[in-house]
Amino acid sequence: MTIADRSPRPRRESTRRQWPLQALEAALTDAVGGEVRFDSGTRATYSTDASNYRALPLGVVVPRTPEDAARAVEICRDHDVPLLSRGGGTSLAGQSCNTAVVIDWTKYCHRILSVDTAAATATVEPGIALDPLNEALRPDGLMVGPKPSTHVSCAIGGMIGNNSCGASAQAYGKMVDSVRRLEIITYDGLRAWVGAGDPVPGVNPEADELIRRLREIRDRYADDIRAAYPEIPRRVSGYNLDALLPERGFDIAKFLVGSESTLVTVLRAELALVRRPPAQAMAVLGFPDVFRAADAVTRILPHEPSALEGIDHRLVSLEHSEQLAKQAIAQLPDGTAWLMAQFDGDDQNAADTRTRDMIADLERTTGCSSAVLDDPEREAEVWAAREAGLGATAYPSDSPETHEGWEDAAVPPDRLGDYLRDFEALLDRFGYESSSLYGHFGQGCVHTRIPFQLRTADGIARYRRFAESAAHLVSDYGGSLSGEHGDGQSRAELLPIMFGDTVVRAFGEVKALFDPRDRMNPGKVVHPRRLDEDLRQGSDYRPWEPATHFSFPDDDHRFSEAAGRCVGVGKCRGETGGVMCPSYRATREEEHSTRGRARLLFEMLQGDSITDGWRSTEVRDALDLCLACKGCRSDCPVDVDMATYKAEFLSHHYAHRVRPIAHYSMGWIPLWARLGTSVAPLANALTHTPGVRRIVSAAGGIAAEREMPRFARTRFTETFRAHTDSTTGERGTVLLWPDTFTNNFEPAIAAAAVAVLEAAGFAVVLPPRAVCCGLTWISTGQLPTAKRVLRRTLRTLAPQLRDSTPVVVLEPSCAAVFRADMPELLYGDEDADRLAGQTYTLAELLAARAPDWSPPDLDITAMVQPHCHQHAVMGYDPDRDLLRSTGAEVDVLDAGCCGLAGNFGFERGHYGVSVACAEDQLLPAVRARAAGTTVLADGFSCRTQIRQLQPDADPRHSVEVLAQALRRPGAS
Numbered sequence: 001m002t003i004a005d006r007s008p009r010p011r012r013e014s015t016r017r018q019w020p021l022q023a024l025e026a027a028l029t030d031a032v033g034g035e036v037r038f039d040s041g042t043r044a045t046y047s048t049d050a051s052n053y054r055a056l057p058l059g060v061v062v063p064r065t066p067e068d069a070a071r072a073v074e075i076c077r078d079h080d081v082p083l084l085s086r087g088g089g090t091s092l093a094g095q096s097c098n099t100a101v102v103i104d105w106t107k108y109c110h111r112i113l114s115v116d117t118a119a120a121t122a123t124v125e126p127g128i129a130l131d132p133l134n135e136a137l138r139p140d141g142l143m144v145g146p147k148p149s150t151h152v153s154c155a156i157g158g159m160i161g162n163n164s165c166g167a168s169a170q171a172y173g174k175m176v177d178s179v180r181r182l183e184i185i186t187y188d189g190l191r192a193w194v195g196a197g198d199p200v201p202g203v204n205p206e207a208d209e210l211i212r213r214l215r216e217i218r219d220r221y222a223d224d225i226r227a228a229y230p231e232i233p234r235r236v237s238g239y240n241l242d243a244l245l246p247e248r249g250f251d252i253a254k255f256l257v258g259s260e261s262t263l264v265t266v267l268r269a270e271l272a273l274v275r276r277p278p279a280q281a282m283a284v285l286g287f288p289d290v291f292r293a294a295d296a297v298t299r300i301l302p303h304e305p306s307a308l309e310g311i312d313h314r315l316v317s318l319e320h321s322e323q324l325a326k327q328a329i330a331q332l333p334d335g336t337a338w339l340m341a342q343f344d345g346d347d348q349n350a351a352d353t354r355t356r357d358m359i360a361d362l363e364r365t366t367g368c369s370s371a372v373l374d375d376p377e378r379e380a381e382v383w384a385a386r387e388a389g390l391g392a393t394a395y396p397s398d399s400p401e402t403h404e405g406w407e408d409a410a411v412p413p414d415r416l417g418d419y420l421r422d423f424e425a426l427l428d429r430f431g432y433e434s435s436s437l438y439g440h441f442g443q444g445c446v447h448t449r450i451p452f453q454l455r456t457a458d459g460i461a462r463y464r465r466f467a468e469s470a471a472h473l474v475s476d477y478g479g480s481l482s483g484e485h486g487d488g489q490s491r492a493e494l495l496p497i498m499f500g501d502t503v504v505r506a507f508g509e510v511k512a513l514f515d516p517r518d519r520m521n522p523g524k525v526v527h528p529r530r531l532d533e534d535l536r537q538g539s540d541y542r543p544w545e546p547a548t549h550f551s552f553p554d555d556d557h558r559f560s561e562a563a564g565r566c567v568g569v570g571k572c573r574g575e576t577g578g579v580m581c582p583s584y585r586a587t588r589e590e591e592h593s594t595r596g597r598a599r600l601l602f603e604m605l606q607g608d609s610i611t612d613g614w615r616s617t618e619v620r621d622a623l624d625l626c627l628a629c630k631g632c633r634s635d636c637p638v639d640v641d642m643a644t645y646k647a648e649f650l651s652h653h654y655a656h657r658v659r660p661i662a663h664y665s666m667g668w669i670p671l672w673a674r675l676g677t678s679v680a681p682l683a684n685a686l687t688h689t690p691g692v693r694r695i696v697s698a699a700g701g702i703a704a705e706r707e708m709p710r711f712a713r714t715r716f717t718e719t720f721r722a723h724t725d726s727t728t729g730e731r732g733t734v735l736l737w738p739d740t741f742t743n744n745f746e747p748a749i750a751a752a753a754v755a756v757l758e759a760a761g762f763a764v765v766l767p768p769r770a771v772c773c774g775l776t777w778i779s780t781g782q783l784p785t786a787k788r789v790l791r792r793t794l795r796t797l798a799p800q801l802r803d804s805t806p807v808v809v810l811e812p813s814c815a816a817v818f819r820a821d822m823p824e825l826l827y828g829d830e831d832a833d834r835l836a837g838q839t840y841t842l843a844e845l846l847a848a849r850a851p852d853w854s855p856p857d858l859d860i861t862a863m864v865q866p867h868c869h870q871h872a873v874m875g876y877d878p879d880r881d882l883l884r885s886t887g888a889e890v891d892v893l894d895a896g897c898c899g900l901a902g903n904f905g906f907e908r909g910h911y912g913v914s915v916a917c918a919e920d921q922l923l924p925a926v927r928a929r930a931a932g933t934t935v936l937a938d939g940f941s942c943r944t945q946i947r948q949l950q951p952d953a954d955p956r957h958s959v960e961v962l963a964q965a966l967r968r969p970g971a972s
């Protein structure tokens, strides 16, 4: 299906001041160590965060050290330009995007400078992400207390700027409670370490003067501060003027926490750490509705849980949540809303006892249902589903897209139930339905995303009226406009409703003291831009709608909707776990994250900063290091599928143009493989004789370091012709798919599959002629050719498609094409849908069609590297279950992408990133395997990468070990 072309939108004129960028860029480049980038691609990459807002930065500085950042501040001051410090870029209120010079700390400035285990403190640079920091502290039994749901990617500097919290704040408080001292620099150049109490007088006269004037402001407004600041655990809105009160110790560091880069730049931070709990237990309590769940919070709080989270049925029913926590959700007690209460203990018995005591109390007083999740895997699943909430609720099925804008208000916990009832009534009054109500119920903080209509003037006006009404509602309850995500641009305009004009005037005086020229993240918190300005969509939103090859059925068949799908939560910037995003892990570059690439595609369709559409070199270069692993298709909370977007872009970028030579060599590998196998001795000699190999590699655009696989002397399809069918096929017939890689390089794998299938009672047939799934043409963006190949395949398989014959595919990437890519490339083709439904991996077939068959015993210990496409599209559970049913001891690695990823790792210029991906986690795990461990990898790319980089591992396809066991005497 081809989507109709639509005319491009008119460009939106900027209302912001024009700055002397050439001189600024030159001065920064001369003075700053690190990287200075003012190109349109970089500016597009940093144009937004996780909010509704968008503002192209002036440029981006990536400092190597805090001193580099201090010099950047000096240069910006000399040129009188705005400045913004940015951490993980996951802010939901718009505080991380501005027309300013952005300092991105996360690539280089992520060092742990010192750890004092006795005092439980650590000094760090602001770019370090929370998870890596906590992992480094683990051997000492320490951790940072607050743990936001974006803990895989949020940076400590951003957590300080935002006063971050998370579920663990129930026990450990907000980030303000973890900050002991900060090294800061103001826009005017004052640099000092600040903390509690007075500094030594006379050491820094400028600091003395600033502190004197700060005390004057504090004294003038002290009574107003005491009266206006709500005494609740989740007050994040506004500046922390209360930290300056005498009874709070006049703590300047704590005052600066949550100031959102509007007052100072943080260069280093000294943090107070907490001891890791020796044991934990979790109870889940079920209630008839979310209101009664909220009412029960006050019954639980006296039991002192370390976390107390609320979720409702809408969050649980979301597809992404179901994928993350399918087994855990099945264990939830009766109800349509649940409270998750976690208890710590000195040992497991103590944690369990506290949990049981709480359950007994709540069952007696509220009549709730209950369950204890005592399996760490199930606990982790529930937490993962809960933490994915803000992303997962962005696109609820059969409902409009949702937005931030009122997603983290907080009220006193003892008033939470009544507040939620009134909040639900407010939503009804404005004609909104929240995607879900959930959050940190133990501290009265509620998360939700609301289907604001931000593309029409009427919809935006209604959003403004709702935000104002919601602010009054929260303030009437003695709450905070923000209980976690900060004010930024979403709520700053509403601060007078919460604090009153007098305290807001104090905010302005403090801002003028620290930043008299209003150059630090202007328009946020103080003198804010309107909450309905600078919207990423807006009433003039009219992106270019180009014709596409893929149909994008989940995005209203519009590429602009697909490119705008990313909500910016930054899970793709995580350093461990899952598959997404291998190139970011290798480069630590924002533009090489899934989020960064999505931003560039969005800007390409906007046409403001990237003006040459499909011909954009900025987008091409960002997509060049995308491995097309498809990890984002499953790991991203909103299911961004960058592999598909890349294929679509490449198809148009190179239309009617000469492509990179690797697209012809690797993209057409099905043809070359058939030719190579026909003359295997000669082909192998040419590709493995050193001098000749270099010429062949150069001619084919292949990395000189990369060894090419050896062609088989005989294809599997040729040997199968002589196969004598010895099975009656009592379970029916299956078609074994002879993929290019198995058929031409490792035919023994297909032979092993025949042995296993026949042993399980199936008759095996092959296609009558050469067929292909088109994978390599898809991955190189040669989509018209891929569609022709797929249509030919459907014609060839027509008899099997008509009688619903299962198609067993041994190569996971080929199976993923049939299940995912093909239905979207050939949208509306009934045979394409039939093949998608009839495609099985071997394990899926045995589970579905031969559940009573007993596989042979495998007396092995196996380490398994799942293929990325299988992880993303089919999942690995059936394969894990099959292997474990043999009695094998199976360790399924969570080591990310192998880094070869089909043609990617073979292409010239990609070898370093390819190896870096493998060295991230996979190869260290393979090297550390116990003696005698069998390495299993069903993907041809995975096996090839492991063989070439760790030759002693000898990786095998899982079907090979099954077939080998069948050949043992006595095996059935």
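The numbers in the UniProt record's numbering rise by one with no breaks, and the one at position 756 of the sequence shown is 756.
All C-beta atoms in this analysis are idealised placements derived from N, C-alpha and C, irrespective of residue type, glycine included.
Bear in mind that the values here come from a model prediction, so they are computed numbers and not experimental data.
Does the distance from the C-beta atom of Ile75 to that of Leu28 stay below 9 Å? Mapped onto the sequence shown, residue 75 falls at position 75. Mapped onto the sequence shown, residue 28 falls at position 28. Yes, these two residues count as a Cβ contact at 9 Å.
Assigned secondary structure, Gly406 (DSSP; H/G/I helix, E/B strand, else coil): Residue numbering aside, residue 406 sits at position 406 when the sequence shown is read from its first letter. In the sequence under discussion, the amino acid at residue 406 is Trp, which differs from the Gly named in the question. Trp406 falls in the coil class under three-state DSSP.
From His871, Glu575 and Ala409, residue whose alpha carbon lies closest to that of Val133: Here residue 133 refers to the residue found at position 133 of the sequence shown. Sequence check: residue 133 is Leu here, not Val. Of the listed residues, the one whose Cα sits closest to Leu133 is Glu575.
With Met863 as the anchor, note down where its beta strand (DSSP E) starts and where it stops. For this step, residue 863 is matched to residue 863 along the sequence shown. Where Met863 is concerned, the enclosing beta strand (DSSP E) stretches over Thr861 to Val864.
Less than 8 Å between C-beta atoms, sequence neighbours within five positions excluded: which residues of the same chain meet that for Arg968? Locating residue 968 in the sequence shown gives position 968, where the first residue counts as 1. Counting only Cβ-Cβ distances below 8 Å, and skipping sequence neighbours, we find Pro856.
Which first and last residues belong to the alpha helix (DSSP H) in which Thr933 is found? For the purposes of this step, residue 933 is identified with residue 933 of the sequence shown, where counting begins at 1. Neither: Thr933 is in no alpha helix (DSSP H) and is coded neither H nor E.
Helix, strand or coil for His485 per DSSP? As a first step, residue 485 is located in the sequence shown; it is residue number 485 there, counting from the start. It is coil, neither helix nor strand.
What residue does the alpha helix (DSSP H) around Gly158 start on, and which one ends it? The sequence position of residue 158 within the sequence shown is 158, counting from 1. From DSSP, the alpha helix (DSSP H) with Gly158 extends over Ile156 to Asn162.
Give the secondary structure of Pro784 by DSSP, where H, G and I count as helix, E and B as strand, and everything else as coil. For the purposes of this step, residue 784 is taken as the residue at position 784 of the sequence shown. Three-state result, Pro784: helix.
Quick one: using the 10 Å Cβ neighbour count with 16 as the cut-off for buried, is Ile669 buried or exposed? Locating residue 669 in the sequence shown gives position 669, counting from the first residue. Result: buried.
Residue closest to Gly145, alpha-carbon to alpha-carbon, out of Ser168, Ala155 and Ala763: Position 145 of the sequence shown, counted from the first residue, corresponds to residue 145. When each option's Cα is compared against that of Gly145, the closest is Ser168.
Would you give the residue range spanned by the alpha helix (DSSP H) that Arg956 belongs to? Taking the first residue of the sequence shown as 1, we reach residue 956 at position 956. Run containing Arg956: none; DSSP gives neither H nor E here.
Let me check understanding here. Comparing Cα to Cα, which of Val959, Ser237, Ala928 and Glu919 lies closest to Gln945? Along the sequence shown, read from residue 1 onward, the residue named residue 945 stands at position 945. Gln945 has its Cα closest to that of Glu919, out of Val959, Ser237, Ala928 and Glu919.
Inter-residue Cα distance where the pair is Lys524 and Gly89: On the sequence shown, residue 524 is found 524 positions in, with the first residue counted as 1. On the sequence shown, residue 89 is found 89 positions in, with the first residue counted as 1. Cα to Cα, the separation comes out at about 15 Å.
Helix, strand or coil for Ala895? Go by DSSP, reduced to three states. The count along the sequence shown starts at 1 and reaches residue 895 at position 895. If DSSP states are grouped into helix, strand and coil, Ala895 belongs with coil.
Between the segment 785-793 and the segment 815-833, do at least 3 Cβ pairs fall closer than 8 Å? yes
Quick check: the Cα distance between Ala647 and Trp737, rounded to an integer number of angstroms? The residue labelled residue 647 in the question sits at position 647 within the sequence shown. The residue labelled residue 737 in the question sits at position 737 within the sequence shown. Their Cα atoms are separated by approximately 24 Å.
Buried or exposed by the 16-neighbour rule on C-beta atoms within 10 Å, applied to Asn349: Position 349 of the sequence shown, counted from the start, is the residue given in the question as residue 349. Exposed, since its Cβ has fewer than 16 Cβ neighbours within 10 Å.
Suppose you measure from the CA of Arg220 to the CA of Val284; what does that come to, to the nearest Å? Here residue 220 refers to the residue found at position 220 when the sequence shown is read from its first residue. Here residue 284 refers to the residue found at position 284 when the sequence shown is read from its first residue. Approximately 48 Å between the Cα atoms of the pair.
Along the beta strand (DSSP E) that carries Val579, what are the first and last residues, could you check? Position 579 of the sequence shown, counted from the first residue, corresponds to residue 579. Premise fails: Val579 is in no beta strand (DSSP E) and is neither H nor E.
What's the C-alpha gap between Val61 and Arg517? By one-based count along the sequence shown, residue 61 stands at place 61. By one-based count along the sequence shown, residue 517 stands at place 517. Val61 and Arg517: Cα-Cα distance of roughly 21 Å.
Using CA atoms only, rank isn't needed, just tell me which of Gly578, Leu625 and Gly564 is closest to Leu605. The residue given as residue 605 occupies position 605 in the sequence shown. Closest by alpha carbon: Gly564.
Measuring from the CB of Ala55, is there a heavy atom of the ligand NAP at a distance below 8 Å? With respect to small molecules bound, the structure shown includes none, and the ligand NAP cannot be examined in it.
Just verifying my parser: in three-state terms, what is the DSSP assignment at His447? Taking the first residue of the sequence shown as position 1, residue 447 is located at position 447. Correct three-state label for His447: strand.
Let me confirm a value: Leu682 is counted as buried when at least 16 other C-beta atoms fall within 10 Å, else exposed. Which label applies? Counted from its first residue, the sequence shown places residue 682 at position 682. Leu682 comes out exposed.
Reduced DSSP category for residue 990 - H, G, I as helix; E, B as strand; rest coil: The structure shown has nothing for residue 990, since the chain only spans 1 to 972.
Assigned secondary structure, Met708 (DSSP; H/G/I helix, E/B strand, else coil): Stepping through the sequence shown from its first residue, residue 708 is reached at position 708. Coil.
When the Cα of Leu273 is compared with those of Arg386, Val124 and Asp312, which residue comes out closest? For the purposes of this step, residue 273 is identified with residue 273 of the sequence shown, where counting begins at 1. Out of Arg386, Val124 and Asp312, Val124 has the C-alpha closest to the C-alpha of Leu273.
Taking the alpha carbon of Ala341 as the point to measure from, which residue in Glu424, Glu260, Gly442 and Arg429 has its own alpha carbon closest? For the purposes of this step, residue 341 is taken as residue 341 along the sequence shown, with counting starting at 1. Among Glu424, Glu260, Gly442 and Arg429, the Cα nearest to that of Ala341 is on Gly442.
Given a cut-off of 9 Å, decide if Ala351 and Ala279 are closer than it, judged by their beta-carbon atoms. The residue you call residue 279 lines up with position 279 of the sequence shown. The residue you call residue 351 lines up with position 351 of the sequence shown. Yes, they are a contact pair.
For Lys630, name the three-state secondary structure that DSSP assigns. Here the question's residue 630 lines up with position 630 in the sequence shown. In the structure shown, Lys630 sits in coil (DSSP, three-state: anything other than H, G, I, E or B).
Is the segment 531-539 close to the segment 44-61, with three or more CB pairs under 8 Å? yes
Taking the alpha-carbon of Pro553 as reference, which of Cys165, Glu824, Ala222 and Asp831 has the nearest alpha-carbon? By one-based count along the sequence shown, residue 553 stands at place 553. Here the closest residue by C-alpha is Glu824.
Determine the extent of the alpha helix (DSSP H) in which His653 is found, giving its start and end residues. The residue you call residue 653 lines up with position 653 of the sequence shown. Taken as a continuous stretch (DSSP letters only), the alpha helix (DSSP H) holding His653 covers Met642 to His653.
Tell me which residues share the same chain as Leu301 and place their Cβ nearer than 8 Å to its Cβ, disregarding the 5 neighbours each side in the sequence. If you number the sequence shown from 1, residue 301 lands on position 301. For Leu301, where only same-chain residues beyond five positions count, the Cβ hits under 8 Å are Leu308, Pro413 and Gly442.
Taking Cβ positions, are Thr117 and Val569 nearer each other than 9 Å? For this step, residue 117 is matched to residue 117 along the sequence shown. For this step, residue 569 is matched to residue 569 along the sequence shown. No. Outside cutoff.
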